[in-house]
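Residue numbers (the UniProt record's numbering): 1 to 323. Even for Gly, the Cβ is constructed at its ideal location relative to N, Cα and C. As structure tokens, the structure follows; a few thoughts come after it.
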């Protein structure tokens with residue numbers, strides 16, 4: 001259920017208020033999280049009603065989300081993943097201000113719902129024209145209510161989404177901009193191989209990156225160890241040990257630092273996306289994306305690495321964790 005209730009005649013004012021809540025994150029999902037956090041704080045000083053009126057929010061929906069958050073914390077505590085069910089516990093919220101990491105976790109929850117930002121331009125009228133596609137649908141558009149619908153610049157090339165609907169076009173209703181490392185570490189699987197003398201990381205036939213051999217080996221090592229840790233945690237529930245002296249803490253800190261650096265630098269410095277050919281590029285406002293042909297790459301199985309939660313490969317990697 002949408003937490004925002006907006007009269008048609010106040011759409012422009014609403015969008016400005018929504019931008020305030022976004023705080024530059026380019027994420028509809030973080031907009032909702034920020035709205036809930038501010039509403040809870042305002043309620044402590046009896047300002048909740050005023051806040052919902054100012055930001056076009058439904059108090060009933062926010063109350064429901066607050067209850068769901070408490071229920072989730074209780075479930076995690078019952079499963080022994082949290083030391084307490086108190087949602088504001090400091091230790092449980094140690095990464096609550098790490099926007100890059102939170103967006104990567106959103107990516108984990110929404111994958112494989114991924115859209116690729118081809119480019120963003122302005123036409124002769126000064127209107128913003130976004131060229132976005134999904135591997136399965138081709139060209140798509142962002143719904144006008146999305147915080148990213150009129151965004152002139154995306155630092156990252158990818159949007160993850162929850163709701164996709166087709167009317168006159170295929171519309172993505174809620175999106176979060178993410179970077180390549182979020183997809184690589186928290187996507188379902190990827191393949192690693194050499195092609196034309198270059199190392200390629202392939203998440204799908206339409207999402208491929210080239211990188212240095214050292215980068216590829218680091219990514220492979222960390223991803224395998226992360227998969228092994230997640231598999232261990234499922235079988236042996238316990239509170240995450242973030243201490244720098246523990247194997248678990250070292251691994252999670254390394255991945256969190258990589259992802260946070262990726263987000264802060266606003267670019268994937270070590271990864272270059274393999275671009276599809278676009279021979280029909282022109283200034284036509286109604287231009288569609290070109291047809292992308294399936295291209296399956298010949299490779300030796302010995303150069304391929306498949307990874308996924310619960311099915312981690314341990315070949316050539318020291319098992320983690322050592323318990």
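CB of residue i within 8 Å of CB of residue j, strictly
i, j, result
"residue 216", "residue 192", "yes"
"residue 272", "residue 210", "yes"
"residue 29", "residue 134", "no"
"residue 111", "residue 236", "no"
"residue 356", "residue 201", "Given that the chain is displayed from residue 1 to residue 323, the structure contains no residue 356 and the question cannot be resolved."
"residue 147", "residue 19", "yes"
"residue 51", "residue 44", "no"
"residue 151", "residue 26", "yes"
"residue 59", "residue 47", "no"
Endpoints, the alpha helix (DSSP H) within which residue i is located
i, result
"residue 3", "Where residue 3 is concerned, there is no enclosing alpha helix (DSSP H), given that its DSSP letter is neither H nor E."
"residue 346", "Look at the range of the chain in this structure, 1 to 323, and you will see that residue 346 is not part of it."
"residue 31", "28-43"
"residue 53", "48-54"
"residue 101", "99-110"
"residue 88", "Counting along the chain, residue 88 falls outside any alpha helix (DSSP H), and DSSP gives it neither H nor E."
"residue 233", "213-235"
"residue 166", "Taken as a continuous stretch (DSSP letters only), residue 166 belongs to no alpha helix (DSSP H), being part of the beta strand (DSSP E) at 164-166."
"residue 125", "Run containing residue 125: none; DSSP gives neither H nor E here."
"residue 16", "11-22"
Candidates the options, of which the one nearest residue i by Cα
i, options, result
"residue 225", "198, 102, 254, 238", "254"
"residue 155", "239, 117, 135, 4", "117"
"residue 356", "221, 182, 127, 45", "Limits of the chain in this structure are 1 at one end and 323 at the other, which puts residue 356 out of reach."
"residue 115", "124, 122, 171, 132", "132"
"residue 157", "188, 9, 119, 249", "119"
"residue 69", "109, 108, 60, 36", "36"
"residue 83", "142, 180, 241", "241"
"residue 256", "185, 141, 13", "185"
"residue 143", "252, 172, 64", "172"
"residue 274", "102, 198, 9, 248", "198"
"residue 208", "180, 129, 41, 146", "180"
"residue 167", "141, 147, 151", "141"
"residue 73", "246, 247, 239", "239"
"residue 137", "169, 128, 39, 43", "169"
"residue 206", "214, 190, 218", "190"
"residue 153", "223, 67, 129", "129"
"residue 229", "122, 139, 247", "247"
"residue 219", "59, 122, 196, 251", "251"
"residue 34", "223, 122, 102", "102"
N-terminal and C-terminal residue of the beta strand (DSSP E) that residue i is part of
i, result
"residue 159", "158-161"
"residue 175", "175-178"
"residue 326", "Lying before the first or after the last residue shown, residue 326 is absent from the chain, which here runs from 1 to 323."
"residue 71", "No beta strand (DSSP E) holds residue 71; the alpha helix (DSSP H) holding it covers 59-78."
"residue 131", "128-134"
"residue 140", "138-142"
"residue 194", "191-195"
"residue 171", "170-172"
Beta-carbon separation (whole angstroms), residue i vs residue j, contact threshold 8 Å
i, j, result
"residue 104", "residue 31", "That belief does not hold up - the Cβ atoms of residue 104 and residue 31 are roughly 17 Å apart, past 8 Å."
"residue 65", "residue 3", "7 Å"
Proximity test, Cβ basis, 8 Å: residue i and chain C
i, result
"residue 224", "Structure shown: chain C not included; a single protein chain is present."
Exercise for the section: Specify whether the region 71-87 and the region 148-166 touch according to this definition: at least 3 beta carbon pairs, one from each stretch, less than 8 Å apart. Expected result: Between the region 71-87 and the region 148-166, the count of C-beta pairs closer than 8 Å stays below three; the two stretches do not touch.
Practice task
Kindly confirm or deny that the region 70-86 and the region 43-56 touch, where touching means at least three C-beta pairs closer than 8 Å.
Solution key: Cβ pair count under 8 Å is below three, so no.
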